[in-house]
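Comments concern the structure below.
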Amino acid sequence: MTDLDYNEDEILARASQGDRDAFGRLYERYVERIFNYVYYRTGNVHEAEDLTARVFQRAMNHIKNYTDRGVPFSAWLYRIAHNLVANWHRDRGRKQEVPLDELPSLPNKGDHPEKNLVHSQEQEALLKMIRRLPPERQNLLILKFVENMSNAEIGEIMKRSEGAVKSLYHRTLLSLRDQLEDQNLNLEGD
Amino acid sequence: MTTRRSDSHAEDFNRLETHLAGTLKRVAPPNGIVQRLRERITLPTRATITLRLHDWKTLFFVFGGVMSGMLLLVTIARALYYFVGRRHTL
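Residue numbers (this note's numbering), protein chains in the order written: chain A, 1 to 190; chain B, 191 to 280.
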């Protein structure tokens, strides 16, 4: 399927009338992005798979209620994903704590495996720090770096203004830098 | 002095952003995960739907099978009704 024959408004209209084939096209377009978001928020491939399926199940059940009020469909999906991940963290907190420090390494798209190995230790340390940040800061970093979204797009998903996102991003960087200094971790320049 | 400190801050941030960009990269989901998820949310693929609609022979046999089965059931029911009903009248 090419982007040329992809008209999201039309597909959304069909999907909201119960057209499963249309919903299938939306699924194909967004599944990888949602999987990435959930994967980085949970740090677990299996949980990411399970939660991604639940995101799309919920979206399919509620797509009739989705009304386009200037909010992109992707923002709606990310909000569903965010809520499910928040529930997952809450349930996990109630049950026995299982440390999620080992993020199973999935291949980065287009990276050479050797390069992955060289950076893995620094990356692991940084990932651990990111996972200790408050959820909204984690969201911000994932959307900015994994999804390459602009502050305005992130604002639509997080229900914040562009300025507020910019400010939150600055505070997040400050906090990460302070943590790095506290732990005497020195990220080497490339 | 202040300029030097802000330069150092900007440098720190740049380095941190570079590392964040290197760490938070889009990952490729494991093989088969997208298909498994698709099955879990019960979406037949476009190819499957097209295949099903084009496979008229299978459709013909399925339709024929269902009709024959129903005819058989009706015949059995009629036969039972006939024999049981006859016994009662004798």
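Glycine included, every Cβ here is placed at the ideal spot set by N, Cα and C. Predicted, not measured: the structure shown is a model, and the values here were computed from it.
Alpha carbon of residue i to alpha carbon of residue j, nearest angstrom
i: Ala22/A; j: Phe250/B; result: 27 Å
i: Met129/A; j: Arg33/A; result: 22 Å
i: Asn148/A; j: Phe253/B; result: 51 Å
i: Glu156/A; j: Arg216/B; result: 21 Å
i: Val208/A; j: Ala59/A; result: This structure does not reach residue 208/A, given that chain A is present from 1 up to 190, and the question cannot be answered.
i: Ile80/A; j: Asn204/B; result: 32 Å
i: Asn44/A; j: Thr265/B; result: 58 Å
i: Leu263/B; j: Lys247/B; result: 24 Å
i: Ala269/B; j: Gly275/B; result: 10 Å
i: Trp76/A; j: Lys159/A; result: 11 Å
i: Leu261/B; j: Tyr272/B; result: 16 Å
i: Leu100/A; j: Leu174/A; result: With a pLDDT of 45 at Leu100/A, under the threshold of 50, the modelled position of this residue cannot be trusted; read the value that follows with caution. Taking the straight line from one Cα to the other gives about 24 Å.
i: Glu136/A; j: Ile223/B; result: 27 Å
i: Leu212/A; j: Arg25/A; result: In this structure chain A extends from 1 to 190, so residue 212/A is not present and cannot be described.
i: Glu207/B; j: Ala218/B; result: 22 Å
Minimum C-alpha distance to residue i - residue among the options
i: Asn7/A; options: Glu136/A, Arg29/A, Met158/A, Ala59/A; result: Arg29/A
i: Val146/A; options: Leu26/A, Asn36/A, Leu127/A, Arg14/A; result: Asn36/A
i: His209/B; options: Ile80/A, Gln121/A, His46/A; result: Gln121/A
i: Ile142/A; options: Ile80/A, Val38/A, Lys166/A; result: Val38/A
i: Ser150/A; options: Glu136/A, Pro134/A, Tyr169/A, Pro135/A; result: Tyr169/A
i: Lys166/A; options: Tyr66/A, Ile154/A, Arg14/A; result: Ile154/A
i: Leu51/A; options: Arg226/B, Asp245/B, Thr248/B; result: Arg226/B
i: Tyr78/A; options: Val31/A, Gln17/A, Glu124/A, Leu174/A; result: Val31/A
i: Asn87/A; options: Glu10/A, Ser175/A, Glu47/A, Thr172/A; result: Glu47/A
i: Asn65/A; options: Leu140/A, Gly18/A, Gly93/A, Pro135/A; result: Gly18/A
i: Asp9/A; options: Ala53/A, Thr67/A, Glu181/A; result: Thr67/A
As assigned by DSSP and simplified to three states, the class of residue i
i: Val217/B; result: strand
i: Lys247/B; result: helix
i: Thr194/A; result: Any question about residue 194/A goes unanswered here, given that chain A covers just 1 to 190.
i: Gln155/B; result: For chain B, the structure presents residues 191 to 280; residue 155/B sits outside this window and is missing.
i: Pro134/A; result: coil
i: Arg20/A; result: helix
i: Ile34/A; result: helix
i: Glu147/A; result: coil
i: Gln183/A; result: coil
i: Lys159/A; result: coil
i: Tyr6/A; result: coil
i: Ile80/A; result: helix
i: Gly254/B; result: helix
i: Gly93/A; result: helix
i: Ile154/A; result: helix
i: Asp101/A; result: Caution is warranted here: a pLDDT of 47 is assigned to Asp101/A, below 50, making its placement in the model unreliable, and no coordinate value can be reported.
i: Ala15/A; result: helix
Assumed close pair residue i, residue j - CB separation to whole angstroms, cut-off 8 Å
i: Arg41/A; j: Val85/A; result: 5 Å
i: Thr57/A; j: Ile231/B; result: Reading the sequence as shown, one finds Gln at residue 57/A and not Thr. Sure, about 5 Å apart at Cβ, within 8 Å.
i: Ile63/A; j: Ala13/A; result: Going by Cβ atoms, the distance from Ile63/A to Ala13/A rounds to 10 Å, so no, they are not a contact pair.
i: Asn139/A; j: His82/A; result: 7 Å
CB contact below 8 Å: residue i versus chain C
i: Leu227/B; result: Although the question refers to chain C, the structure presented lacks it and instead comprises the protein chains A and B.
For the segment 25-40 of chain A, enumerate the residues whose C-beta is nearer than 9 Å to any C-beta of chain B, in chain order.
Arg25, Tyr27, Glu28, Val31, Glu32, Arg33, Phe35, Asn36, Tyr39, Tyr40
For the segment 160-171 of chain A, list every residue whose C-beta sits within 8 Å of some C-beta in chain B, in sequence order.
none
Identify each residue in the segment 196-219 of chain B for which the Cβ-Cβ distance to at least one residue of chain A is less than 7 Å, and report them in chain order.
Taking 7 Å as the Cβ-Cβ cut-off against chain A, the residues of the segment 196-219 of chain B that qualify are Asp202, Phe203, Arg205, Leu206, Thr208, His209, Leu210, Ala211, Gly212, Thr213, Leu214, Lys215, Arg216, Val217, Ala218, Pro219.
Of the residues that make up the segment 123-151 of chain A, which ones have a beta carbon closer than 7 Å to any beta carbon in chain B?
Gln123, Leu126, Leu127, Leu141, Ile142, Phe145, Val146
If the cut-off is 7 Å on Cβ atoms, which residues from the segment 42-62 of chain A count as contacting chain B, listed in chain order?
Val45, Glu49, Thr52, Ala53, Phe56, Gln57, Met60
By the 9 Å beta-carbon criterion, what residues does the segment 72-91 of chain A contribute toward chain B?
none
Near-chain B residues of the segment 173-185 of chain A - C-beta to any C-beta below 8 Å:
Leu173, Leu176, Arg177, Leu180
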